[in-house]
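Contents: one structure, followed by commentary.
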Amino acid sequence: MKKWLLIISILPQFLLSQHSIRGNFSPAEEFTYAFLYKNTPSGADYIDRAKLKVDGSFTIEMAPEATSGIYKIVYATPPEDNNFNFFYDGKEDVVLNFDLEMGLSFISSNDNILWDRYLSDISNINGQISEFYASENTKEQVIKSIFKNLDETQRSYEETAKNSQVLAFIKSNRTYIPTEYEDINTYSKNLKDHYFDHIDFNNELLQSSEFLTERVLAFIYAMPATANAYKSAVDEVVLAIGDNSNVQMNLLEAIWASMLNSEQDIVANYISDTYLLELAEQNNNELLIEVLEEYKNTAIGNKAVDFEFTYLDNDKPNETSLYELDKSDKYLLIFWSSTCSHCLEELPKVKSIMDEHPEITVIAYALEDSVRNWNKTITNYPDFLNTYDLGKWESPVVKSYAIHATPSFFVLDKDKNILAKPEHVDDLKAFLEN
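Take a look at the structure:
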């Protein structure tokens, strides 16, 4: 009897500890599942999933032992582009709405609602600051009043957020606030010089979110859009982070990827050569090392990797290397295969383009299982320097050039520096025409 009384007495406590993540997706027909993950400084751990109902609603019950932190819901593919983060404190339900046009909003959850309100209020005040300086307003009392409001708002939210997860974010989001009037040049300089004063790069909760990445990228892209300005900003970011090599590596990898997307190859190379490759080696991050080395080998502006090959010259084998070739001022290096149907469609188009550019020497490097098909196919391309590699995808040359699909194109100058990496034949044509 005592045993059953004990179970009955703890049952209400057990039930009260059960919380859920629930909400609605709109328009409902655009969504099928909601996948829940918990973010960590090194990635994300899968927790659970829920199939959405016809009306777009979903519920994911949280385990009693689920810890507080930053969680993520993935709602479509690719997951890196179709997700959102939120706070879960383990003390209350999180109720939300997600609309493809309106975005994310919270109906219930103190942490998330507080963070949203804070961002909205701070954004409004920053808008007033921008408007003041843009209007060339000379009334010092106006801007002093705005800065006072900013300081009071920041302090108020820090006080409200005490004992909550949001506090680390609110404190790290604090910006430079003048105590006296400053003209636009002075204020801008101080804003930049004190940008990282309050950011706690060692906080694991911040590391588990996108906050740090967004903050450092905002800092870098606020600089003049030149390679030297971006490189100098990267140096400042590294200095601000300090000795935490894991944080340095993760943030620099994000900056490096962003620079690639922005076609800032010089800056990406600088990040890799100056910081990131060494950090990846220190942390035994073999995947990152491989990615960085692949990129470095094939980055526009870098010298292409040398390799030896044999091609037929007047039906006689001729052994040479890429660096030894001295046939023209430009070269087109194509990685292809005679068993690749797409390659067989594209090569005639390449030949047609090359007929208009006889000054360019074509090196057709074939990835083959055998030479039978290759021998038949190359008769259509007598002007190419045709060679093959039976190592196919395992070939050291193929790996050096980071070839993951055929055909792949590289345009080289006389000294074998990479001028372009056209993704398609049309891109190749456009590059040569321009």
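Following numbering that gives the first Met the number 0, the numbering of the sequence shown begins with 0 at its first residue and continues without gaps. The C-beta atom is built at its ideal place from N, Cα and C for all residues, glycine as well.
Asked	Found
Sequence-distant residues of its chain with Cβ nearer than 6 Å to Asn-202 (five each side left out)	Ala-167
Unbroken stretches of the alpha helix (DSSP H), 4 residues or longer, contained in the segment 255-309	264-270, 276-281 and 285-297
Span separating the alpha-carbon of Leu-384 from that of Glu-293	25 Å
Alpha-carbon to alpha-carbon, Lys-138 and Asp-120	23 Å
Minimum C-alpha distance to Thr-360 - residue among His-341, Ser-327 and Leu-204	Ser-327
Boundaries (first-last residue) of the alpha helix (DSSP H) holding Asn-416	Taken as a continuous stretch (DSSP letters only), Asn-416 belongs to no alpha helix (DSSP H), as it is neither H nor E.
Nearest neighbour of Asp-368, chosen from Tyr-74, Phe-97, Ser-337 and Ala-267 [CA to CA]	Ser-337
Same chain, Cβ closer than 6 Å to Asn-96, five either side skipped, listed in chain order	Gly-22, Asn-23 and Ser-104
Closest residue to Ile-145 among Glu-157, Asn-125 and Arg-214 (Cα-Cα distance)	Asn-125
For Glu-29 and Lys-161, the rounded distance between their alpha carbons	39 Å
CB of Ser-171 within 8 Å of CB of Pro-40, strictly	no
Cβ neighbour criterion (16 or more within 10 Å) applied to Met-353	buried
For Gly-102, the residue or residues it bridges with in DSSP	Asp-98
Residues bridged to Asp-426 (per DSSP)	Answer by DSSP bridge pairing: none, since Asp-426 is not bridged.
Buried versus exposed, by CB contacts within 10 Å (16 or more), Ile-183	exposed
Residue interval of the beta strand (DSSP E) (run including Ile-46)	42-50
Buried versus exposed, by CB contacts within 10 Å (16 or more), Pro-63	exposed
Own chain partners of Pro-77 with C-beta closer than 8 Å, once the 5 adjacent residues on each side are dropped	none
Backbone secondary structure at His-197 - three-state DSSP	coil
The segment 307-326 / the segment 340-350 touching (three or more Cβ pairs under 8 Å)	no
Burial state of Arg-371 (16 or more Cβ within 10 Å)	exposed
Spatially closest choice to Asp-196 from Val-215, Ser-244 and Ala-363, by CA coordinates	Val-215
Per-residue DSSP class, three states only, for Ala-33	strand
Residues bridged to Leu-366 (per DSSP)	Asp-388
Lys-191: first and last residue of the uninterrupted alpha helix (DSSP H) it sits in	183-192
With 16 other Cβ atoms within 10 Å as the buried cut-off, status of Ala-133	exposed
C-alpha gap between Tyr-274 and Phe-408, whole angstroms	29 Å
Close beta carbons around Gly-241, own chain, < 7 Å, minus the five adjacent residues each side	Phe-200
Cross-strand partners of Ile-333 (DSSP beta bridge)	Ala-363 and Phe-408
Bounding residues of the alpha helix (DSSP H) (the contiguous stretch that carries Glu-158)	139-159
Local Cβ density within 10 Å of Lys-1, reported as buried at 16 or more and exposed below that	Because Lys-1 carries a pLDDT of 47, less than 50, the predicted location of this residue cannot be relied on, and the following value inherits that uncertainty. With fewer than 16 other Cβ atoms within 10 Å, it is exposed.
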